[in-house]
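Asks:
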Amino acid sequence: MSQPAARASHAVSFPELYECHFDFVWRSLRLLGVSDEALEDAAQDTFSVVHRQLSSFEGRSALRTWLFAILYRVAANYRRTRRRKHSRLIPLDDAAGAAGTEPAPDAHAEAVEAARVIERFCAGLAPARRALFVLAVLEELPASEIAETLRMPVQKIYSRVHALRAGLRSALAAREVEHG
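Next comes the structure, spelled out in C-alpha cells:
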C-alpha cells in the first residue's frame, strides 16, 4: 500500500487495521506498563476507540502514529487505575525465533532473558520515555512522526533516543557481566 493510500481512512477497513496492527498494539501496551492481566482489556479498549474514530481519521499523521496516540492514552488510563504501580512485567515468551524455524534451546533462553532486560529497562522509564522507547527503538518510526505524536521537538527526540539507546546498552552489558 502506498504512503498516501495508507493515510486515507477509507483505504483501511477496521478488520484490516486490526489484523495488521494488533501485535503492535499489544506489544506497545505491554511496554507502556499495562499489567499482563489487563492487556486483553486494554487492547480491546484501544480497538474500540479505533473502531469509533476510524471514519474521522483524516490522514494528517501516519496511521500507526494515530493508533499509537490512542493506545498511549489507554495505557495511561490502565496505569492510573492499577493498584500496584511497579508490578513486574511478564517476559515476552515469543521474543525469539523466526517463523518456521525453531531456535536452539540456549538461543531461546538467551532471547527470553534479553526480553526480560528490555522489559525491566522499560519498567524503570517514565511514561513519556517509555512511549519514546517503543516508537523509536522498537517500532523504528521516523522522528518526525514521533515528534508529532508526542508533541516534542525533533531535536529532543534525537537526543532522548540517543540516551535511551545508551541506557539499554548499559542494561544489556550489565546482564552480560552478571551471566559471565
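In the working numbering, the protein residues as written are 2 to 181.
The C-beta atom is built at its ideal place from N, Cα and C for all residues, glycine as well.
#1: With a threshold of 6 Å on Cβ separation, who are the neighbours of VAL50 within its own chain once the five nearest residues in sequence on each side are excluded?
#2: On the CB-based measure, 16 or more other CB atoms within 10 Å of its CB, does ARG85 come out buried or exposed?
#3: So for ARG81, helix, strand or coil by DSSP?
#4: Let me know if PHE122 comes out buried or exposed under the rule of 16 or more other beta-carbons within 10 Å of its beta-carbon.
#5: If you draw a straight line from the C-alpha of ASP24 to the C-alpha of GLN45, how long is it?
#6: For PRO128, which of helix, strand or coil comes out of DSSP?
#7: Locate the alpha helix (DSSP H) running through PHE48, then write down its first and last residues.
#8: If we count Cβ pairs, one from each stretch, closer than 8 Å, do we get three or more for the segment 20-35 versus the segment 110-128?
#9: ARG65 and LEU173: beta carbons closer than 9 Å?
#10: With C-beta atoms as the reference, is SER57 less than 9 Å away from THR150?
#11: Give the straight-line distance between the Cα atoms of ASP95 and GLU111, rounded to the nearest whole angstrom.
#12: Taking the C-alpha atoms as reference points, what is the distance between GLU20 and ARG53?
#13: Let me know if PHE134 comes out buried or exposed under the rule of 16 or more other beta-carbons within 10 Å of its beta-carbon.
#14: Should SER171 be labelled buried (16 or more other beta-carbon atoms within 10 Å of its own) or exposed?
#15: Could you give the residue range of the alpha helix (DSSP H) that holds GLY168?
#16: Taking the beta carbon of GLU17 as the centre, do at least 16 other beta carbons fall within 10 Å, making it buried, or is it exposed?
Replies: Reading from the atomic positions:
#1: Hits under 6 Å: ILE71.
#2: Any reading at ARG85 must be qualified, since the residue scores a pLDDT of 43, below 50, and its modelled position is unreliable; the value itself is stated next. Exposed is the call here.
#3: Here DSSP, grouped into helix, strand and coil, assigns ARG81 to helix.
#4: So PHE122 ends up on the buried side.
#5: Between ASP24 and GLN45, the C-alpha separation is close to 13 Å.
#6: DSSP, read as helix, strand or coil, puts PRO128 in helix.
#7: For PHE48, the enclosing alpha helix (DSSP H) stretches over residues 40-54.
#8: Result yes; three or more Cβ-Cβ pairs closer than 8 Å.
#9: The Cβ-Cβ distance between ARG65 and LEU173 does not fall below 9 Å.
#10: Taking 9 Å as the Cβ cut-off, SER57 and THR150 do not qualify as a contacting pair.
#11: For ASP95, the predicted structure reports a pLDDT of 46, less than 50, and the residue's modelled location is therefore unreliable. The matter cannot be settled from this model.
#12: Distance between the alpha carbons of GLU20 and ARG53: 17 Å.
#13: The residue is buried, with at least 16 neighbouring Cβ atoms inside 10 Å.
#14: Within 10 angstroms of the beta-carbon of SER171 lie fewer than 16 other beta-carbons, which makes it exposed.
#15: The continuous alpha helix (DSSP H) containing GLY168 extends over residues 155-179.
#16: Here GLU17 is exposed. Its C-beta has fewer than 16 other C-beta atoms within 10 Å.
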